[in-house]
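Chains as they are written, first to last, in our numbering: chain D, 1 to 295; chain C, 296 to 616. The structure under discussion appears below in the form of structure tokens.
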């Protein structure tokens with residue numbers, strides 16, 4: 001197995017990845033949504049948090065309507081007269097940012113604990129893996145709901161809840177890779193050369209455990225965005241001052257029965273495209289990194 | 296077999312105990328329900344009296360042990376809001392949730408598995424590609440949003456199905472069931488379908504990859520050489536071969552469906568325990584939250600145990616471990 005940094009393997013990875021049209025569609029969609037989220041404030045027609053920019057007389061206008069100031073609301077307005085296009089762009093920003101932060105922390109925490117468990121073995125391994133087992137026996141959404149019920153709504157709290165449910169997936173995978181890698185000759189060679197445990201773990205074992213992690217981090221990124229939206233929809237996630245896509249959908253739900261569909265449906269579409277793009281990428285990454293399919 | 300089951304049971308009980316400590320400490324250590332339960336102009340004396348009558352003035356570990364001894368006798372506390380046993384309130388709503396989750400799982404099985412078989416019998420074919428795209432959509436569509444779409448289309452635009460509630464129910468052995476009346480079925484179909492998409496996608500994928508793998512194995516080739524048609528091979532041999540992972544997934548996802556029912560019930564106002572827990576969280580009804588979590592965990596352990604038993608019945612090799 002070659003390391004992931006060798007140029008030939010990078011080139012092979014690129015050619016394998018570009019072989020799937022669906023994965024490329026996923027990548028294009030993700031770059032689009034992430035790009036919109038990144039430069040959001042520059043392209044949004046309105047700042048949805050700026051009360052001065054919002055006109056209550058324009059509330060609940062259907063898509064394509066003309067506002068009182070002559071501007072056009074392409075995706076309509078919500079119950080407060082907020083431009084839906086802008087609200088979705090800002091919501092997307094919040095959702096992607098929270099998903100990214102949560103899955104990155106879960107990646108670092110889970111990988112570290114997985115490496116420690118797999119390398120140290122013994123009681124350290126037993127303790128970490130029992131916690132993993134306990135968590136995996138309860139659906140993640142329940143753990144998140146109860147944590148947020150205890151902690152209350154908030155950006156920090158939802159990130160904490162997402163990290164709590166996600167680190168186990170990284171830990172479980174990295175541990176099992178680490179258990180295999182630590183028995184290999186290059187590790188013994190490192191030990192004989194007098195390298196420290198930290199150096200062997202970080203410089204030699206870690207890079208060889210990362211291949212399956214790329215799949216998990218993509219899946220968990222998508223999962224974090226979907227879970228945050230679900231929790232915010234239920235009213236236990238983000239506070240109303242931080243409108244994410246989930247909150248926008250829940251706010252629009254009350255208008256749905258009057259046929260005012262756009263307040264719920266368009267933020268949901270943005271959410272779907274984001275999660276779908278990541279899942280398409282993850283599906284193909286799984287095929288590439290699965291050693292059974294490589295031979 | 297008996298030893299295997301005993302060990303599993305012991306593990307389950309241990310897990311429930313650990314979870315009970317975590318839940319109790321977590322839920323009880325933070326937040327003060329008194330602020331909600333007494334009027335804001337209440338005097339300090341009435342506050343203290345209410346606190347004492349609810350047992351909230353005692354140290355946390357004393358509260359935990361009285362909670363545990365009561366829990367073992369089937370008493371999970373009195374709901375602050377309903378003023379009756381939290382377990383009773385939840386138990387009244389449990390059948391609705393179980394009915395929803397079972398119907399969803401039924402839909403997922405009868406649609407997902409046949410689709411997976413058809414796709415797996417001809418990899419790269421039309422059905423296979425449809426499954427690939429359909430399943431990634433099923434995994435990506437947020438449960439609550441697909442519920443909203445279904446309401447918009449069938450209830451608002453077409454007006455042929457109701458958007459909320461449970462409809463007429465029939466009492467069977469004292470348990471109210473919706474699926475036995477036409478009105479109940481009409482109420483059940485949308486929430487059940489929206490909840491079934493996730494397990495449907497998973498089962499479809501799993502069946503597909505299982506069939507593809509099994510069709511290349513010796514027993515399938517031998518059956519082919521004996522003159523069986525491909526359909527016969529799949530129904531007689533391949534499905535039996537791939538039944539183990541399918542049973543596991545059905546079991547695990549049944550638990551997930553009960554958890555995700557929180558979302559679906561909130562969207563469709565389905566009067567189950569999932570909708571109840573969200574309301575209880577918003578009302579800071581701590582005994583309710585604790586009772587719900589305890590009941591869920593016991594339910595999940597029970598489901599896991601059932602899967603283990605089924606597993607060992609299907610594959611004798613498991614029992615030897």
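In this text, a Cβ means the ideal position worked out from N, Cα and C, and glycines have one as well.
Mapping DSSP to helix, strand and coil, what is residue i?
i                     : result
residue 471 (chain C) : strand
residue 338 (chain C) : coil
residue 380 (chain C) : strand
residue 133 (chain D) : helix
residue 465 (chain C) : strand
residue 370 (chain C) : coil
residue 387 (chain C) : helix
residue 435 (chain C) : helix
residue 352 (chain C) : coil
residue 392 (chain C) : helix
residue 4 (chain D)   : The predicted position of residue 4 (chain D) is uncertain, since its pLDDT is 49 and thus under 50; no value can be drawn from it.
residue 31 (chain D)  : helix
residue 83 (chain D)  : strand
residue 455 (chain C) : coil
residue 317 (chain D) : The requested residue 317 (chain D) does not occur in the structure, where chain D is confined to residues 1 to 295.
residue 428 (chain C) : helix
residue 72 (chain D)  : strand
In its own chain, which residues sit with a C-beta less than 7 Å from the C-beta of residue i, not counting the 5 before and 5 after it?
i                     : result
residue 239 (chain D) : 153, 154
residue 17 (chain D)  : 23, 284, 288
residue 441 (chain C) : 489, 492
residue 610 (chain C) : 539
residue 27 (chain D)  : 281
Only counting the same chain, and skipping five residues up and downstream in sequence, which positions put a Cβ closer than 6 Å to that of residue i?
i                     : result
residue 408 (chain C) : 498, 502
residue 224 (chain D) : 99, 102, 103, 162
residue 149 (chain D) : none
residue 297 (chain C) : none
residue 12 (chain D)  : none
With 8 Å as the threshold, decide whether the Cβ of residue i is near any Cβ in chain C.
i                     : result
residue 275 (chain D) : yes
residue 168 (chain D) : no
residue 157 (chain D) : no
residue 139 (chain D) : yes
residue 226 (chain D) : yes
residue 271 (chain D) : yes
residue 253 (chain D) : yes
residue 149 (chain D) : yes
residue 230 (chain D) : yes
residue 134 (chain D) : yes
residue 264 (chain D) : yes
residue 280 (chain D) : yes
residue 283 (chain D) : yes
residue 215 (chain D) : no
residue 145 (chain D) : yes
residue 72 (chain D)  : no
Between residue i and chain D, is the shortest Cβ-Cβ distance under 8 Å, so that the two count as touching?
i                     : result
residue 399 (chain C) : no
residue 507 (chain C) : no
residue 599 (chain C) : yes
residue 563 (chain C) : no
residue 586 (chain C) : no
residue 489 (chain C) : no
Between which two residues does the alpha helix (DSSP H) holding residue i run?
i                     : result
residue 193 (chain D) : That residue, residue 193 (chain D), is in no alpha helix (DSSP H); it is neither H nor E in DSSP.
residue 309 (chain D) : Past the boundaries of the shown model lies residue 309 (chain D); chain D is included only from 1 to 295, so the question cannot be answered.
residue 181 (chain D) : 155 to 181
residue 577 (chain C) : 568 to 577
residue 599 (chain C) : 581 to 609
residue 273 (chain D) : 262 to 289
residue 253 (chain D) : 245 to 256
residue 478 (chain C) : 477 to 510
residue 519 (chain C) : 513 to 520
residue 561 (chain C) : 538 to 563
Looking at residue i and the ligand PLP, is the gap between the Cβ and the nearest heavy atom below 7 Å?
i                     : result
residue 251 (chain D) : Annotation note on the ligand PLP: not contained in the displayed structure, which lists no ligands.
Applying the criterion that 16 or more other CB atoms from any shown protein chain within 10 Å of the CB defines a buried residue, is residue i buried or exposed?
i                     : result
residue 186 (chain D) : exposed
residue 175 (chain D) : buried
residue 356 (chain C) : exposed
residue 167 (chain D) : buried
residue 563 (chain C) : buried
residue 126 (chain D) : exposed
residue 511 (chain C) : exposed
residue 46 (chain D)  : buried
residue 517 (chain C) : exposed
residue 521 (chain C) : exposed
Considering only residues of the same chain and omitting the five flanking positions on each side of residue i, which have a CB-CB separation below 8 Å?
i                     : result
residue 286 (chain D) : 215
residue 228 (chain D) : 95, 98, 99, 102, 158, 162, 237, 238, 244, 246
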